[in-house]
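First comes the structure, then the notes that go with it.
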Amino acid sequence: MIKPSFAYLDPGTGATIVQLALAGTAGIAAAGKLRMNKIKRRLARDAAAEQTEHSEELEEPAPAE
Amino acid sequence: MIESGSFRDPTARVFYRDDRILRGLASDAAQIDKAARATGLMDRLVSNGLFVENWIADDVIPPEGIPSAAVIESKRIPVVSYPSEWSFSMLKDAALVTLDANLLCLESGFILKDASAFNVLFQGTKPTIIDITSIDAFGKRGIWTAYGQFCDHFLAPLMLEAYAGIPFQRMLHSKTDGVPIGDLNRLLRGRSGVHKGVPTHVRLRSLIERRAAGMATQARRDIGQASLPAAAIAGTIRKMRKLIARLETAAPSTWADYEEALPYEAQSVDAKAEFVQSAAIAAGSHQMAVDVGANAGRFTQILSEHFDHVIGIDNDTGAVDALYATAAASGLGNLTPLVIDITNPTPSFGWRGTERASFTTRVHPSMATWLAVLHHLCLGLGLPLEEVVALMYEFSDEAVVEFVAAEDPMAQRISASRKSELAPYTRDLFEEYAASAGTIVARLEVSSTRTMYHLRRS
Numbered sequence: 001m002i003k004p005s006f007a008y009l010d011p012g013t014g015a016t017i018v019q020l021a022l023a024g025t026a027g028i029a030a031a032g033k034l035r036m037n038k039i040k041r042r043l044a045r046d047a048a049a050e051q052t053e054h055s056e057e058l059e060e061p062a063p064a065e
Numbered sequence: 066m067i068e069s070g071s072f073r074d075p076t077a078r079v080f081y082r083d084d085r086i087l088r089g090l091a092s093d094a095a096q097i098d099k100a101a102r103a104t105g106l107m108d109r110l111v112s113n114g115l116f117v118e119n120w121i122a123d124d125v126i127p128p129e130g131i132p133s134a135a136v137i138e139s140k141r142i143p144v145v146s147y148p149s150e151w152s153f154s155m156l157k158d159a160a161l162v163t164l165d166a167n168l169l170c171l172e173s174g175f176i177l178k179d180a181s182a183f184n185v186l187f188q189g190t191k192p193t194i195i196d197i198t199s200i201d202a203f204g205k206r207g208i209w210t211a212y213g214q215f216c217d218h219f220l221a222p223l224m225l226e227a228y229a230g231i232p233f234q235r236m237l238h239s240k241t242d243g244v245p246i247g248d249l250n251r252l253l254r255g256r257s258g259v260h261k262g263v264p265t266h267v268r269l270r271s272l273i274e275r276r277a278a279g280m281a282t283q284a285r286r287d288i289g290q291a292s293l294p295a296a297a298i299a300g301t302i303r304k305m306r307k308l309i310a311r312l313e314t315a316a317p318s319t320w321a322d323y324e325e326a327l328p329y330e331a332q333s334v335d336a337k338a339e340f341v342q343s344a345a346i347a348a349g350s351h352q353m354a355v356d357v358g359a360n361a362g363r364f365t366q367i368l369s370e371h372f373d374h375v376i377g378i379d380n381d382t383g384a385v386d387a388l389y390a391t392a393a394a395s396g397l398g399n400l401t402p403l404v405i406d407i408t409n410p411t412p413s414f415g416w417r418g419t420e421r422a423s424f425t426t427r428v429h430p431s432m433a434t435w436l437a438v439l440h441h442l443c444l445g446l447g448l449p450l451e452e453v454v455a456l457m458y459e460f461s462d463e464a465v466v467e468f469v470a471a472e473d474p475m476a477q478r479i480s481a482s483r484k485s486e487l488a489p490y491t492r493d494l495f496e497e498y499a500a501s502a503g504t505i506v507a508r509l510e511v512s513s514t515r516t517m518y519h520l521r522r523s
């Protein structure tokens, strides 16, 4: 089995999320391993963090789950 | 010679030897290419006209520093054009070819890893993907890596023209990465925001990208691991295809009215056509001709009978779109219309200013026609006659020029509101400049105010 070559084009986090959304419920249901809830929680938390801690470093690692 | 525009993909580099176009592939890329050929995918892509004809060139050893696990040669496409030079229908067709190739790839367990509009060239009026090594292995699950790039290069400029009525060419001039989706989001205000595709591909993506910019690195990594089954990706691509196929231009065009308003007598048009025809036959080389200010392309079509390749250029996107449709419908396989403003042709641009070549370095016509153009340049735009004649000799070996006198009704119309004094513009002066840098091979008065010339550079 051939592996995809390393992608020189970064799909971008935003574009990937949009694609998951575009695939719709069928796509999300099929993609069981996606841990969509986890991603959603992260998105919500990051947005909340963004609002309360403007000065915080963006690159700071997220706390362990 | 190594192609200056092919550094972005490190697994495949383009180089030229003599007249051949070659790609040196690294071992991973070579393996994927081999598999794509073994499954018959490459044959299908080529026979459906989606990919340029290409084959393995065993006899070539790439130069130092170029990957050499495999070498692929592809057919040369004589007219190299860029997205900012295409009309609406041309960009739309290039988008559809990109999507169709992706669907065909997915059926065989592959996908195109990028969706750059620069990967498409026109063979006559047929868009063809030239980046053979953009095929990547997909397997059963994955992500459409090129979704974002596809939107920036194709969907956003098309939406800009279809939903906001702004011709996309000026937004893509000297751009290598399309129209940023955030810009489009801000441009599509009010009612234009409810059009098909805008809520998801423009609004939602802009919103999520703003959010994603503030996400922690680990969360971004998690999302990077996400994948969808091939069927879901194919579904997204088919929906995108439907969306693109429905888009129609809403940009205003001046050409249609203009063509109708021409006060030509049928006789002078016939005389002009005959003159162009004899000049074309007498041309020293029949490789390529360019019709400057092609408009509806009446004379471009005459040239296409005598030259291997013909480019009809006009700065009006509507005229180019119409010529594209005419040429495609009449099966003129050697005619490519392009949106070029001869007073501001595409410069060289991109990385180090050389990634993409200027229009005048890419296109070297043996003959150019300048019919009913001179008065626009000199009387309309105020360009000095001597400069324009110099450009004519610089651009092509031979030129067919129609001199329109200042007394001509059309010339009068163009300069009617001009108050300032213009540089001298007379037929005698034109002949003097033309004869000083070349030869007047033939000359014909087609009406009291219009004279045709066949010029040859000395």
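Protein sequences, first through last, are from chains A and B. Straight run, no breaks: the first sequence in our numbering ends on number 65. Straight run, no breaks: the second sequence in our numbering ends on number 523. From the three backbone atoms N, C-alpha and C, an ideal C-beta is built for every residue, glycine too.
If you run the structure through DSSP and keep just helix, strand and coil, what is residue i?
{"i": "B:Ser139", "result": "strand"}
{"i": "B:Arg73", "result": "coil"}
{"i": "B:Ala229", "result": "coil"}
{"i": "B:Glu467", "result": "strand"}
{"i": "B:Ala387", "result": "helix"}
{"i": "A:Ala7", "result": "Note on A:Ala7: pLDDT 47, under 50, position unreliable in the model; no value is reported."}
{"i": "B:Leu293", "result": "strand"}
{"i": "B:Pro148", "result": "helix"}
{"i": "B:Ile309", "result": "helix"}
{"i": "B:Arg483", "result": "coil"}
How would you write the range of the alpha helix (DSSP H) that residue i sits in, first residue to last?
{"i": "B:Val162", "result": "153–172"}
{"i": "B:Ile121", "result": "First-last for B:Ile121: 119–121, but that is the beta strand (DSSP E), not the alpha helix (DSSP H)."}
{"i": "B:Tyr212", "result": "212–215"}
{"i": "B:Arg521", "result": "Careful: B:Arg521 lies outside any alpha helix (DSSP H), inside the beta strand (DSSP E) at 515–522."}
{"i": "B:Phe424", "result": "424–427"}
{"i": "B:Glu497", "result": "492–502"}
{"i": "B:Ala179", "result": "Note on identity: in this sequence residue 179 of chain B is Asp, with Ala being the wrong assignment. That residue, B:Asp179, is in no alpha helix (DSSP H); it is neither H nor E in DSSP."}
{"i": "B:Gln234", "result": "234–237"}
Less than 8 Å between the C-beta atoms of residue i and residue j, yes or no?
{"i": "B:Met224", "j": "B:Gly262", "result": "yes"}
{"i": "B:Leu456", "j": "B:Ser146", "result": "no"}
{"i": "B:Val511", "j": "B:Lys337", "result": "yes"}
{"i": "B:Tyr389", "j": "B:Thr190", "result": "yes"}
{"i": "B:Gly243", "j": "B:Ala211", "result": "no"}
{"i": "B:Glu472", "j": "B:Thr516", "result": "no"}
{"i": "B:Gln352", "j": "B:Asp381", "result": "no"}
{"i": "B:Thr198", "j": "B:Ala94", "result": "yes"}
{"i": "B:Ala295", "j": "B:Phe203", "result": "yes"}
{"i": "B:Ile131", "j": "B:Ile67", "result": "yes"}
{"i": "B:Phe183", "j": "B:Pro128", "result": "no"}
{"i": "B:Gly349", "j": "B:Ser431", "result": "yes"}
{"i": "B:Val125", "j": "B:Leu87", "result": "yes"}
{"i": "B:Ser92", "j": "B:Ala122", "result": "no"}
{"i": "B:Asn113", "j": "B:Leu164", "result": "no"}
Suppose you measure from the CA of residue i to the CA of residue j; what does that come to, to the nearest Å?
{"i": "B:Arg251", "j": "B:Gly213", "result": "17 Å"}
{"i": "B:Ala297", "j": "A:Ala23", "result": "6 Å"}
{"i": "B:Arg427", "j": "B:Val144", "result": "8 Å"}
{"i": "B:Val469", "j": "B:Met155", "result": "32 Å"}
{"i": "A:Ala30", "j": "B:Asn360", "result": "With a pLDDT of only 44 at A:Ala30, under the threshold of 50, the placement of this residue in the model should not be trusted; the figure read from the coordinates follows. Each residue's Cα considered, the two are about 52 Å apart."}
{"i": "B:Asp217", "j": "B:Gly247", "result": "10 Å"}
{"i": "B:Leu448", "j": "B:Leu442", "result": "6 Å"}
{"i": "B:Phe219", "j": "B:Ala502", "result": "44 Å"}
{"i": "B:Thr425", "j": "B:Thr419", "result": "13 Å"}
{"i": "A:Gly27", "j": "B:Asp406", "result": "With a pLDDT of 48 at A:Gly27, under the threshold of 50, the predicted position of this residue should be treated as unreliable, and no value is reported."}
{"i": "B:Val259", "j": "B:Phe175", "result": "34 Å"}
{"i": "B:Ala291", "j": "B:Glu274", "result": "16 Å"}
Relative to the C-alpha of residue i, which candidate in the options has its C-alpha closest?
{"i": "B:Arg78", "options": "B:Leu90, B:Asp287, B:His238", "result": "B:Leu90"}
{"i": "B:Arg102", "options": "B:Ser133, B:Ile200, B:Tyr518", "result": "B:Ile200"}
{"i": "B:His440", "options": "B:Thr491, B:Ser431, B:His429, B:Thr411", "result": "B:Thr491"}
{"i": "B:Thr301", "options": "B:Leu509, B:Glu420, B:Pro489, B:Leu171", "result": "B:Leu171"}
{"i": "B:Ala464", "options": "B:Ala345, B:Gly258, B:Cys443", "result": "B:Ala345"}
{"i": "B:Ser69", "options": "B:Ser482, B:Phe414, B:Ser271", "result": "B:Phe414"}
{"i": "B:Gln477", "options": "B:Phe153, B:Leu444, B:Ala229, B:Glu150", "result": "B:Leu444"}
{"i": "B:Gly105", "options": "B:Val506, B:Ser173, B:Leu115", "result": "B:Ser173"}
{"i": "B:Ala227", "options": "B:Ala348, B:Leu487, B:Leu249, B:Ala384", "result": "B:Leu249"}
{"i": "B:Leu509", "options": "B:Val341, B:Trp209, B:Val357", "result": "B:Val341"}
{"i": "B:Arg311", "options": "B:Val506, B:Thr282, B:Thr411, B:Lys157", "result": "B:Lys157"}
{"i": "B:Pro245", "options": "B:Ser271, B:Val259, B:Pro232", "result": "B:Ser271"}
{"i": "B:Arg303", "options": "B:Pro489, B:Glu486, B:Ile121, B:Ala160", "result": "B:Ala160"}
{"i": "B:Phe187", "options": "B:Asp356, B:Thr365, B:Leu115, B:Gly207", "result": "B:Leu115"}
{"i": "B:Thr314", "options": "B:Tyr518, B:Val357, B:Asp84, B:Gln234", "result": "B:Gln234"}
{"i": "B:Glu118", "options": "B:Thr319, B:Leu400, B:Ile142", "result": "B:Ile142"}
Tell me where the beta strand (DSSP E) around residue i begins and ends.
{"i": "B:Val375", "result": "374–379"}
{"i": "B:Ala433", "result": "432–435"}
Does the ligand FAD have a heavy atom nearer than 7 Å to the CB of residue i?
{"i": "B:Asp158", "result": "Inclusion of the ligand FAD in the displayed structure is not the case, the ligand content being empty and no account of it being possible."}
Is the Cβ of residue i closer than 8 Å to any Cβ of chain C?
{"i": "B:Gly213", "result": "Structure shown: chain C not included; protein chains present are A and B."}
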